[in-house]
Amino acid sequence: MKKGKGGIDYSEWSYDKKRLSYSNFYQEQSDNDNYYDAYNANQSQEQDYYNDDNLYLDRNYYNALPYTKSYKPKLKKSEIITAVALLLTGFFITVFLTTLLAQGLNIGHLLGKLNKAETKKTQYYAVQLGAFSSESQALTASEAIRELGGGGYILVDGPYRIIAAVYPEEQQAISVMANITQFSSEKYIITVPEIVMNFTDKKVKEMVEKSLSQWDTIYKRLYNHSIQLDKAQITEVAVLQDLQLIYDDLYKHLNEYDQLTKDLSRIEHIYIKTGLKGLLTTLKSLLNIRSNAQLSSDLKYAYTKILIDYKNLANQLNR
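Take the sequence shown: its position 168, counted from the start at 1, is 281 in the working numbering, and no numbers get skipped.
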């Protein structure tokens, strides 16, 4: 290895003789032309980016992102009115609920849930003596049956049914039907739902339960009196005296019930008190009879009416 002045080896720095030849001049010229073409193309591309509003930073172009100012629409007048109305409605509902709860209304009832803890059905067995398509025929048959000591109550549920008597036990009705030969008879079942209602106020709950028990209790009292009269085990005077006691007790109970619930708005109280007033009217009609000879028939008519009225009340409360 040869060394020049200063001890540096230049052998690795020798020229490429081919690149210094005459023919390579044109090659170099061609390289220069290609460079200028590439440069011009790059400049044109940069101008396009510039025209497209792109951002040039640190020798690089960045795509411009669209920018829109956020806009919050103003509330319309109708929307403001609706919002205020909803707020006021919520306020009044709150006040309304508070008032009703203070009156003893069960919240479950307000939400549409029935305030009946349970519904039992009691069946009574009537002896029917004929069913007619016209009212005039039914009235004629009713009078004939009353003359024979039957109730003669006309029950309309399609045909006009003539009810002679109603018994708490099915076998009792069957035995009576077996002894009837003058008329064709058949059994007719009266189904009365017994309503047990829930109230937040214990006193109101007990008062309602006592009120709803009046129909069945009085029916049984009148039924027993009719049986005793038919068997000559009691006098008409004794029966009328007991009827007066029944009337007085019921009248007192109704006043107590009315006093306890006078500030309560539940519709059930109105239904029940109206029913109790009807029950008093039925008892009053018995006390005002002119002839004791038909007292047994009047008792049968009255207790049948009491059961039918109670059935209608129960259906009303079940709605």
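C-beta atoms are modelled at their ideal positions from N, C-alpha and C, and glycine is treated no differently.
Tell me where the alpha helix (DSSP H) around residue i begins and ends.
i, result
"ILE334", "Sequence inspection shows Arg at residue 334; the Ile mentioned does not correspond to that position. That run of the alpha helix (DSSP H) goes 327-343."
"ARG274", "Looking at the DSSP string, ARG274 is not in any alpha helix (DSSP H); the run it does join, the beta strand (DSSP E), is 273-280."
"ASP314", "Where ASP314 is concerned, there is no enclosing alpha helix (DSSP H), given that its DSSP letter is neither H nor E."
"ALA254", "248-260"
"SER404", "Here SER404 belongs to no alpha helix (DSSP H), and DSSP marks it neither H nor E."
"ILE383", "380-400"
So what's residue i in DSSP terms, helix, strand or just coil?
i, result
"THR235", "strand"
"GLN241", "strand"
"ILE267", "strand"
"THR348", "coil"
"ASN431", "coil"
"SER288", "helix"
"SER410", "helix"
"LYS375", "coil"
"THR417", "helix"
"ILE194", "helix"
"ILE359", "helix"
"LYS182", "Confidence is the limiting factor: at LYS182 the pLDDT is only 48, short of 50, which leaves the residue's position unreliable, though a coordinate-based value still follows. In this structure, LYS182 counts as coil in the three-state DSSP scheme."
"GLN109", "This structure leaves residue 109 out entirely; the chain is present only between 114 and 432."
"SER136", "With a pLDDT of 49 at SER136, under the threshold of 50, the modelled position of this residue cannot be trusted; read the value that follows with caution. Coil at SER136, not helix or strand."
"LYS424", "helix"
"ILE220", "Annotation note: pLDDT 34 at ILE220 (below 50); position unreliable, no value reported."
9 Å is my cut-off, CB to CB: does residue i come that close to chain C?
i, result
"THR394", "Judged by its chain identifiers, the structure shown contains no chain C, having just a single protein chain."
Ends of the beta strand (DSSP E) at residue i?
i, result
"LYS300", "299-310"
So does residue i have its beta carbon nearer than 8 Å to some heavy atom of the ligand PLP?
i, result
"PRO306", "The ligand PLP is absent from the structure shown, which contains no ligand whatsoever."
Roughly how many angstroms lie between the CA atoms of residue i and residue j, to the nearest whole one?
i, j, result
"LEU412", "ASP376", "36 Å"
"GLN357", "LEU400", "7 Å"
"LEU426", "THR417", "14 Å"
"ASP314", "LEU373", "11 Å"
"ASN328", "GLU322", "Rather than Asn, the amino acid found at residue 328 in this sequence is Trp. Cα to Cα, TRP328 sits roughly 11 Å from GLU322."
"GLN241", "LYS300", "6 Å"
"ALA291", "GLN236", "20 Å"
"SER288", "THR253", "26 Å"
"THR276", "ARG259", "Looking at the sequence shown, residue 276 is not Thr but Ile. Looking at the two C-alpha atoms, the distance is approximately 10 Å."
"GLU248", "PRO272", "9 Å"
"LYS424", "THR294", "30 Å"
"ALA215", "THR304", "Interpretation of ALA215 is limited by its pLDDT of 45, a score under 50 that renders its predicted location unreliable; no figure is taken from the coordinates."
"ALA286", "TYR280", "6 Å"
"SER339", "HIS366", "25 Å"
"ARG334", "THR394", "16 Å"
"GLY262", "ALA278", "10 Å"
"ASP355", "LYS344", "18 Å"
Relative to the C-alpha of residue i, which residue among the options is closest?
i, options, result
"SER404", "ASP361, GLU349, ASN368", "GLU349"
"MET310", "GLU381, LYS234, ILE258", "GLU381"
"LEU389", "TYR360, GLY265, PHE245, ALA286", "TYR360"
"LEU392", "TYR266, LEU325, GLU282", "LEU325"
"ALA244", "LYS234, SER255, THR195", "SER255"
"LEU342", "VAL269, SER410, ILE267", "SER410"
"GLN429", "SER398, ILE383, ILE402, PRO281", "ILE383"
"ALA239", "LEU261, LEU268, ILE308", "LEU268"
"ALA351", "LYS234, TYR364, ASN337", "ASN337"
"ASN368", "THR387, GLY265, LEU420", "THR387"
"ILE402", "LEU353, ASN431, ILE419, ALA251", "LEU353"
"GLN407", "THR195, ALA257, ARG432", "ALA257"
"VAL317", "ILE385, ALA415, LEU420, ARG432", "ILE385"
"LYS397", "LEU363, SER378, ASP371", "LEU363"
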